[in-house]
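Just below is one structure, and these are the notes that go with it.
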Amino acid sequence: MKEIAERALNAAQLQGASYADIRIVHQQVQSILVKNGHVEGISHDENQGFGVRVIVNGAWGFASSSVLSVEEAARVAAQATQIARASSLAKTRDVFLGPPEVHVARYETPVQVDPFSVPLEEKIALLLAADEGMRRVKGIAVTESNMAFLREDKVFASTEGSYIEQALVESGAGIEATAVGENEMQTRSFPNSFGRQQKKGGYEFIRALQLVENSERIAEEAVALLSAPQCPSGVTTLILDSTQLALQIHESCGHPIELDRVFGDEASYAGTSFLTLDKLGTFRYGSPLVNIYADATIPGALGTFGYDDEGVPAQRTPIVKEGIFVGYLTSRETAAVLGQRSNGTMRADGWNRIPLIRMTNINLEPGTWEFEDLIADTEDGIYMAVNKSWSIDDKRLNFQFGTQLAYEIKKGKLGRMLKNATYTGITPEFWRSCDAICNEKYWQIWGLPNCGKGEPSQAAHVAHGTAPARFRNVRVGIA
Amino acid sequence: MLGPEKMKQIAQRVLAYSIADQTEVVLFSDETYLTRFANSRIHQNVGERNVQVRVRAIFGKKVGVASSNDVSESALDRVTERAVEIALLQPENPDFHSLPPPKPIPEVDAFVPATAECTPEQRAKAVAAICQLSKENGLVASGAFTTTTSEIAVCNSLGVFAYAPSTAADLTTVIMSNDSSGYAGATSLDVREINAEQVGREAVDKALRSRNPQSIAPGEYTVILEEYAVAEMLSYLSYLGFSALAVQEGRSFMVNKFGQPLVGENISIWDDGLDKTGLPMPFDFEGVPKQRVDFIVNGIAKGVVYDSYTAYREGKESTGHALPAPNPYGPLPGNLFLKAGTDSKERMLASVERGLWVTRFHYVNPVHPLKAILTGMTRDGTFWIERGEIKGAVKNLRFTQSVLEALSHVRMTSAETKLRGGFYGGIRVPALCIERFTFTGVTKF
Numbered sequence: 477m478k479e480i481a482e483r484a485l486n487a488a489q490l491q492g493a494s495y496a497d498i499r500i501v502h503q504q505v506q507s508i509l510v511k512n513g514h515v516e517g518i519s520h521d522e523n524q525g526f527g528v529r530v531i532v533n534g535a536w537g538f539a540s541s542s543v544l545s546v547e548e549a550a551r552v553a554a555q556a557t558q559i560a561r562a563s564s565l566a567k568t569r570d571v572f573l574g575p576p577e578v579h580v581a582r583y584e585t586p587v588q589v590d591p592f593s594v595p596l597e598e599k600i601a602l603l604l605a606a607d608e609g610m611r612r613v614k615g616i617a618v619t620e621s622n623m624a625f626l627r628e629d630k631v632f633a634s635t636e637g638s639y640i641e642q643a644l645v646e647s648g649a650g651i652e653a654t655a656v657g658e659n660e661m662q663t664r665s666f667p668n669s670f671g672r673q674q675k676k677g678g679y680e681f682i683r684a685l686q687l688v689e690n691s692e693r694i695a696e697e698a699v700a701l702l703s704a705p706q707c708p709s710g711v712t713t714l715i716l717d718s719t720q721l722a723l724q725i726h727e728s729c730g731h732p733i734e735l736d737r738v739f740g741d742e743a744s745y746a747g748t749s750f751l752t753l754d755k756l757g758t759f760r761y762g763s764p765l766v767n768i769y770a771d772a773t774i775p776g777a778l779g780t781f782g783y784d785d786e787g788v789p790a791q792r793t794p795i796v797k798e799g800i801f802v803g804y805l806t807s808r809e810t811a812a813v814l815g816q817r818s819n820g821t822m823r824a825d826g827w828n829r830i831p832l833i834r835m836t837n838i839n840l841e842p843g844t845w846e847f848e849d850l851i852a853d854t855e856d857g858i859y860m861a862v863n864k865s866w867s868i869d870d871k872r873l874n875f876q877f878g879t880q881l882a883y884e885i886k887k888g889k890l891g892r893m894l895k896n897a898t899y900t901g902i903t904p905e906f907w908r909s910c911d912a913i914c915n916e917k918y919w920q921i922w923g924l925p926n927c928g929k930g931e932p933s934q935a936a937h938v939a940h941g942t943a944p945a946r947f948r949n950v951r952v953g954i955a
Numbered sequence: 151m152l153g154p155e156k157m158k159q160i161a162q163r164v165l166a167y168s169i170a171d172q173t174e175v176v177l178f179s180d181e182t183y184l185t186r187f188a189n190s191r192i193h194q195n196v197g198e199r200n201v202q203v204r205v206r207a208i209f210g211k212k213v214g215v216a217s218s219n220d221v222s223e224s225a226l227d228r229v230t231e232r233a234v235e236i237a238l239l240q241p242e243n244p245d246f247h248s249l250p251p252p253k254p255i256p257e258v259d260a261f262v263p264a265t266a267e268c269t270p271e272q273r274a275k276a277v278a279a280i281c282q283l284s285k286e287n288g289l290v291a292s293g294a295f296t297t298t299t300s301e302i303a304v305c306n307s308l309g310v311f312a313y314a315p316s317t318a319a320d321l322t323t324v325i326m327s328n329d330s331s332g333y334a335g336a337t338s339l340d341v342r343e344i345n346a347e348q349v350g351r352e353a354v355d356k357a358l359r360s361r362n363p364q365s366i367a368p369g370e371y372t373v374i375l376e377e378y379a380v381a382e383m384l385s386y387l388s389y390l391g392f393s394a395l396a397v398q399e400g401r402s403f404m405v406n407k408f409g410q411p412l413v414g415e416n417i418s419i420w421d422d423g424l425d426k427t428g429l430p431m432p433f434d435f436e437g438v439p440k441q442r443v444d445f446i447v448n449g450i451a452k453g454v455v456y457d458s459y460t461a462y463r464e465g466k467e468s469t470g471h472a473l474p475a476p477n478p479y480g481p482l483p484g485n486l487f488l489k490a491g492t493d494s495k496e497r498m499l500a501s502v503e504r505g506l507w508v509t510r511f512h513y514v515n516p517v518h519p520l521k522a523i524l525t526g527m528t529r530d531g532t533f534w535i536e537r538g539e540i541k542g543a544v545k546n547l548r549f550t551q552s553v554l555e556a557l558s559h560v561r562m563t564s565a566e567t568k569l570r571g572g573f574y575g576g577i578r579v580p581a582l583c584i585e586r587f588t589f590t591g592v593t594k595f
């Protein structure tokens, strides 16, 4: 690997690059899907390759190849410099990366049980047992349960002298039951939606998930939802469970704090951000209870790593302090514009993609409430849990979410189950209405393995730590 | 490019090495170049060359899949062994019948050398033209220009060998001022048909006209949806309901509706993998030739697409719409068309007493799949219409609307159509004028 890296970096410099880096990546993914009582698919996917990023004449170029050889490294490096020269035809300023980042290191995800060493039979047996639990419930039309495991070995080297090796391991699993009735379909999933709960770690995480133990319950809930009353329309008090709150943070906080979005780099695709530079340090994003931070160092969380794909160490960064917006997610180039150093959030979805600013683990600090006390303290409202649908505008202000499950709250008690629950709002108005957050006992990290951004589209593996929280005067029941 | 002979050679090596009862090899080879720009400069200029070999090994009804992007002989042997090992370790899948037998594959020439040979300089010049137009108007340009060359080959131990090369070029731009934005895009097999200046002018015009947007109350409005918005809406409709698996599992709006009116009589929707005015592909990922499938004819629900799994369950023939195995999503349309009308957008505008002009939608997602209710935002050019004229820009709105109901209230359809990229392949649609389209919220810009 070292030889390939050195050859690419040398070739890039010889072709006129003022800076170059290379990432050599090998990925293995095992996926297992059980559906309606039988194994629907098992696949093992492997891919490898390298990508070379260069600056020539003050402009970026990137090229990549799946062929791992020193000759290909030189060819691809030359191609990247040619592309960078073409980029410089339409440049308005030179790229500036700030002070050099030089690190020679190795990082590995701590793993107790290597998920690739666990026999396939054991994994299939667990999923079939969970599937059977769901299918025991009368009225269930479709059941699905899945596992996914990923191992990514990567090398980062730069002309500044960095050489970083990382071995990242992920394990994830989830189950889902769908009931179909007259012009109505209801799905319940566990532990969250988006296919599965995923973490950085080994098979020990899957064994602790309790998929089988929860299978019948979620299937019964899916069937019960078919005949549940529709979520009423109006303005009310809303309590969100921690899985839905994770997506709320993702869409309304995680994306608008990406500094490349703020600078317009994603304008034509995902959009820009309402959190413009003038708001940094002064803007009231949420109520004084709201404290949000990015932390790529939390053990086991899906957005945890050792170094980002620019070779910057993983860090913890404050985003919202007592309701005031105080920080962005940055890269070397964007941080330099603010006179800061990168907080290490540049990641690429494989060897053939350039790194972009991506969320790491963006978390809401826990509050002080017991969940039971929070319900008891709510005279009238709705409790919503587990995401079903999501949408937000291109500056991340107007959002609308739907959840799989909801219950009315009357006089401090959870009441009837409600179906097709939705809520909508404007980001800062919503977060300013937060008047209670549950304590650390209820705080959990939820992995999202499918955060989309960039062209060509890149999926990032990110996470959000949350506890249930209460919001006042929220519009619910839109459809 | 690998070419058909090299791809066949790779596939045959896998077939010869496999000990499975049946074996399938799917090969993908891609060369993609993308020039992305923002703040009127190129900030991302990338190239990629990749190959993937996907092996499906079958013993009876046990199926295993493995893939790799290393096509060296030892790697091909390894990926084959892996697929065999996975198949042998798992229980039987009762829904599996057999890999498909060979059938004649129609020829579609979807490969344009000019697109395959497009250089970074050509893309940069197109981008520079758009950036220049923006600067001349005091605006800021962003967007992406992509050129792709793809080859797909499907080969199986029953004698299937299907190979298709193709190209595609796509240019999109969003041009912004401090309080407005405008969007335009163009897609074609042939990069020479992408007129960067025309795309730039369309977006600049939108950005200039959408300045100083005013807020209007949510509610039901007559809308003119440009082709970009219609394509987005139809992509989701197709994803939610036009698959045999969705019907078999009871989660499609087509369930119990075949032969009955589903939308207005002026609506016909179909998939045609061989139509070169879209992004054609003559066969699916099982090597089955594509059949034309009518989903809705004059408002009546007619059919859905099948792969070999879903076809076997109903004793039917696959329509050639399989995705790569293993595929829990079922078959999907790949080259979708909505029938054009006879009107123009100008005539639509003249006919609207009070309503909205929508350029495109953003972040659309299903709210109620069985009713085909979607939500999403308008974006990059939303205008207020009064007495047949555009009176000014409005702040972007959130819609929450059943697509089926919307397609039941179409009063005018444009003769002109545009090609856009869909979930899998292309989608060609006209602009639509729709009555009673529901907006449920408004944002701040």
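Protein chains in written order, with my numbering: chain A, 477 to 955; chain B, 151 to 595.
The beta-carbon is built from N, C-alpha and C at its ideal position, and this holds for glycine as well.
Being a predicted model, the structure only gives us computed values, none of them experimental.
Counting pairs of beta carbons, one from the stretch 775-783 of chain A and one from the stretch 921-940 of chain A, are three or more of them closer than 8 Å? yes
Rounded straight-line distance, which links the Cα of His518(B) to that of Ala947(A): Residue numbering aside, residue 947(A) sits at position 471 when the first sequence is read from its first letter. Residue numbering aside, residue 518(B) sits at position 368 when the second sequence is read from its first letter. First, the residue type needs correcting, since residue 947(A) is Phe and not Ala in the sequence shown. If I take the Cα positions, the gap works out to 25 Å.
Check distances from the C-beta atoms of the stretch 525-549 of chain B to those of chain A and list, in chain order, the residues that come in under 7 Å. Thr525, Gly526, Met527, Arg529, Asn546 and Arg548
Secondary structure of Tyr167(B), DSSP reduced to three states: Looking up residue 167(B) in the second sequence gives position 17. Here Tyr167(B) sits in helix by DSSP.
Using 6 Å as the cut-off, classify the Cβ of Glu931(A) as near or not near the heavy atoms of the ligand ZN, replying yes or no. Of the ligands one can find in the structure shown there are none, so the ligand ZN has no counterpart to examine.
Local conformation of His940(A) per DSSP, three classes: Taking the first residue of the first sequence as 1, we reach residue 940(A) at position 464. Three-state DSSP puts His940(A) in a strand.
Could you tell me the alpha carbon to alpha carbon distance between Tyr183(B) and Ala294(B), rounded to whole angstroms? Taking the first residue of the second sequence as position 1, residue 183(B) is located at position 33. Taking the first residue of the second sequence as position 1, residue 294(B) is located at position 144. Near 10 Å, if we compare the C-alpha coordinates of Ala294(B) and Tyr183(B).
Please list the partners that Asp422(B) has in chain A, where partner means a Cβ-to-Cβ separation under 8 Å. In the second sequence, counting from the first residue as 1, residue 422(B) sits at position 272. None at all; the shortest Cβ gap to chain A is about 26 Å.
Output the boundary residues of the beta strand (DSSP E) element that contains Met860(A). The residue labelled residue 860(A) in the question sits at position 384 within the first sequence. Its beta strand (DSSP E) spans residues Asp856 to Ile868.
If you measure beta-carbon to beta-carbon, which residues of the stretch 170-197 of chain B are closer than 9 Å to chain A? Thr182, Tyr183, Leu184, Thr185, Arg186, Phe187, Ala188, Asn189, Ser190, Arg191, Ile192, His193, Gln194, Asn195, Val196 and Gly197
Jot down the residue ranges of each uninterrupted alpha helix (DSSP H) in the stretch 200-243 of chain B, minimum 4 residues, whole runs only, in chain order. 223-239
Which chain B residues are close to Gln720(A), counting only those with a beta carbon under 9 Å from its beta carbon? Residue mapping note: residue 720(A) aligns to position 244 of the first sequence, counting from 1. Near Gln720(A) there are no residues of chain B at all, since even the closest Cβ is about 15 Å away, more than 9 Å.
Contact set between Leu239(B) and chain A, taken where Cβ atoms lie within less than 7 Å: Position 89 of the second sequence, counting from 1, holds the residue named residue 239(B). Here the neighbours are Leu596 and Glu597.
Identify each residue in the stretch 324-338 of chain B for which the Cβ-Cβ distance to at least one residue of chain A is less than 7 Å, and report them in chain order. Val324 and Met326
Could you check the C-alpha separation between Ser494(A) and Glu482(A) for me, to the nearest Å? Residue 494(A) sits at position 18 when you count from the first residue of the first sequence. Residue 482(A) sits at position 6 when you count from the first residue of the first sequence. Answer to the nearest angstrom: the Cα atoms are 15 Å apart.
Tell me the DSSP secondary structure of Pro831(A) in three-state form. To locate residue 831(A), count along the first sequence from 1; it is residue 355. Correct three-state label for Pro831(A): coil.
Ala814(A) burial status per 10 Å Cβ neighbour count (16 or more: buried): Taking the first sequence and counting its residues from 1, one reaches residue 814(A) at position 338. The sequence shown places Leu at residue 814(A), rather than the Ala named in the question. Its Cβ having fewer than 16 others within 10 Å, Leu814(A) is exposed.
At 3 residues or longer, and completely inside the stretch 646-731 of chain A: list those beta strand (DSSP E) runs for me, N to C. 660-666, 673-676 and 710-716
List the residues of chain B that His514(A) touches, going by C-beta distances under 8 Å, in chain order. Numbered from its first residue, the first sequence carries residue 514(A) at position 38. Here the neighbours are Pro241, Glu242, Asn243, Pro244 and Asp245.
Local Cβ density within 10 Å of Glu257(B), reported as buried at 16 or more and exposed below that: Here residue 257(B) refers to the residue found at position 107 of the second sequence. Under this definition Glu257(B) is an exposed residue.
Could you check whether the Cβ of Gln724(A) sits closer than 7 Å to any Cβ belonging to chain B? Position 248 of the first sequence, counting from 1, holds the residue named residue 724(A). No, because no Cβ of chain B sits closer than 7 Å to the Cβ of Gln724(A).
Got a sec? Which residues, its chain only, sit under 7 Å from Gln410(B) by beta carbon, not counting five neighbours each side? Translated into the one-based positions of the second sequence, residue 410(B) becomes position 260. Answer for Gln410(B): Ile450 and Ala451, listed in chain order.
Val176(B), buried or exposed, once every other Cβ within 10 Å from all chains shown has been counted against 16: Sequence index remark: in the second sequence, residue 176(B) carries index 26 (1-based). Val176(B) should be labelled buried.
Reference Val201(B), options Thr299(B), Ser402(B), Gly505(B) and Arg497(B), closest by Cα: Position 51 of the second sequence, counting from 1, holds the residue named residue 201(B). Residue Thr299(B) is the option with its Cα nearest to Val201(B).
Would you kindly work out how many angstroms separate the C-alpha atoms of Gln876(A) and Ile868(A), rounded to a whole number? For the purposes of this step, residue 876(A) is identified with residue 400 of the first sequence, where counting begins at 1. For the purposes of this step, residue 868(A) is identified with residue 392 of the first sequence, where counting begins at 1. Using only the alpha carbons, I get a separation of about 6 Å.
So is Thr269(B) buried or exposed if we call it buried at 16+ other beta carbons inside 10 Å? Counting from one through the second sequence, the residue named residue 269(B) turns up at place 119. Per the 10 Å Cβ criterion, exposed.
Considering Cα atoms alone, identify which of Ala381(B), Leu412(B), Ala314(B) and Ile366(B) is closest to Phe435(B). What you label residue 435(B) is simply residue 285 of the second sequence in a count that begins at 1. Ranking the options by Cα distance to Phe435(B), first place goes to Ala314(B).
Which residue from Asp497(A), Phe847(A) and Asp785(A) puts its Cα closest to that of Ala824(A)? For the purposes of this step, residue 824(A) is taken as residue 348 along the first sequence, with counting starting at 1. Ranking Asp497(A), Phe847(A) and Asp785(A) by Cα distance to Ala824(A) puts Asp785(A) first.
Ser718(A) to Val788(A), Cα distance in whole Å? Along the first sequence, read from residue 1 onward, the residue named residue 718(A) stands at position 242. Along the first sequence, read from residue 1 onward, the residue named residue 788(A) stands at position 312. Whole-angstrom Cα-Cα distance: 30 Å.
Run the CB neighbour count on Ala956(A), radius 10 Å, all protein chains shown included, and call it buried at 16 or more, exposed below. Shown here, chain A extends from 477 to 955; a query on residue 956(A) therefore has no answer.
Quick check on Asp259(B): buried or exposed, where buried means 16 or more other Cβ atoms within 10 Å of its Cβ? The sequence position of residue 259(B) within the second sequence is 109, counting from 1. Per the 10 Å Cβ criterion, exposed.
What first and last residue would you give for the alpha helix (DSSP H) that runs through Asp607(A)? Residue numbering aside, residue 607(A) sits at position 131 when the first sequence is read from its first letter. Per DSSP, Asp607(A) belongs to the alpha helix (DSSP H) from Leu596 to Arg611.
Alpha carbon to alpha carbon, how far is Glu267(B) from Ala318(B)? Here the question's residue 267(B) lines up with position 117 in the second sequence. Here the question's residue 318(B) lines up with position 168 in the second sequence. Each residue's Cα considered, the two are about 12 Å apart.
Alpha carbon to alpha carbon, how far is Ala487(A) from Gly153(B)? To locate residue 487(A), count along the first sequence from 1; it is residue 11. To locate residue 153(B), count along the second sequence from 1; it is residue 3. Those two C-alpha atoms are separated by around 30 Å.
Taking 7 Å as the cut-off, decide whether the C-beta atoms of Gly575(B) and Asn485(B) are in contact. Along the second sequence, one-based indexing puts residue 575(B) at 425. Along the second sequence, one-based indexing puts residue 485(B) at 335. Cβ atoms of Gly575(B) and Asn485(B): closer than 7 Å.
Comparing C-alpha positions only, which one of Ser665(A), Leu805(A), Ala556(A) and Gly857(A) sits nearest to Thr712(A)? Against the first sequence, residue 712(A) aligns to sequence position 236. For Thr712(A), the nearest C-alpha among the options comes from Gly857(A).
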